[in-house]
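Residue numbers (UniProt numbering): 1 to 165. Glycine included, C-beta positions come from ideal geometry on N, C-alpha and C.
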Amino acid sequence: MSSMIVSIKGAVKHTIIIDPGVWIFDERKVDLTTYFTEERPDASTALYEQLGRSWDEQRLKGARPQSNDNKLSLNKKALTTSSYGMPLGPFITNAQPSSKATKVTFSSTTKHTHFICSLEEAENGILGFSHKGQPLKETGPVHFYLNDGSNHLTPVTDIDTITIS
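Listed below in structure tokens is the structure:
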């Protein structure tokens with residue numbers, strides 16, 4: 001794999017270029033070894049939980065010393081042994097798809113393969129970016145997993161372009 005960059009383009013207001021290598025530090029990442037097998041709250045419940053945590057943090061802020069709010073805590077062993085993915089929805093939202101967009105094509109410029117799904121399936125999907133602590137150099141830069149887990153054993157691989165149409 002020559003490039004570890006992914007682009008989101010097509011019927012969008014903003015073309016987005018993503019470097020999945022930085023996602024290892026993102027708190028939104030999910031552990032792919034458990035993501036499809038454990039019970040997950042629905043999106044609205046997760047949002048309310050996140051808002052609740054933010055509210056509590058803001059309320060207690062006066063009791064803490066000032067900082068730059070860079071809360072980076074890492075489990076180094078997990079980073080080197082786990083497989084991680086990132087929800088695709090926020091990236092699609094930031095690209096601002098056209099109101100007429102209905103489908104998404106995941107493709108590889110080097111392997112000339114593609115996978116097509118609905119915009120909704122893509123927004124709920126996960127982009128895998130590491131396997132057992134290693135970037136997906138041979139079959140990446142990212143893999144696509146449907147949120148229902150139906151392809152978790154055989155994800156779409158070799159993705160470097162995501163085209164919304």
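{"Query": "Hey, how far is the Cα of M4 from the Cα of G52?", "Result": "36 Å"}
{"Query": "Quick one: give me the first and last residue of the beta strand (DSSP E) that P87 is part of.", "Result": "Y84 to P87"}
{"Query": "Which residues mark the beginning and the end of the alpha helix (DSSP H) in which L127 is found?", "Result": "Careful: L127 lies outside any alpha helix (DSSP H), inside the beta strand (DSSP E) at I126 to H131."}
{"Query": "Which residues in the same chain as F106 place their Cβ atom closer than 7 Å to its Cβ, once the five residues preceding and following it in sequence are excluded?", "Result": "H114, F115, F144, V156, I159 and I162"}
{"Query": "Throw me the rounded Cβ distance for the residue 238 and R28 pair, which I believe falls under 8 Å.", "Result": "Since the first and last residues shown for the chain are 1 and 165, residue 238 lies out of range."}
{"Query": "Which value, in whole angstroms, describes the spacing of the CA atoms of K9 and V104?", "Result": "10 Å"}
{"Query": "Go through its chain and collect everything with a Cβ distance to N151's Cβ below 7 Å, but skip five positions before and after it.", "Result": "Y145"}
{"Query": "Taking DSSP's pairing of strands, which residues face Q134 in a bridge?", "Result": "H131"}
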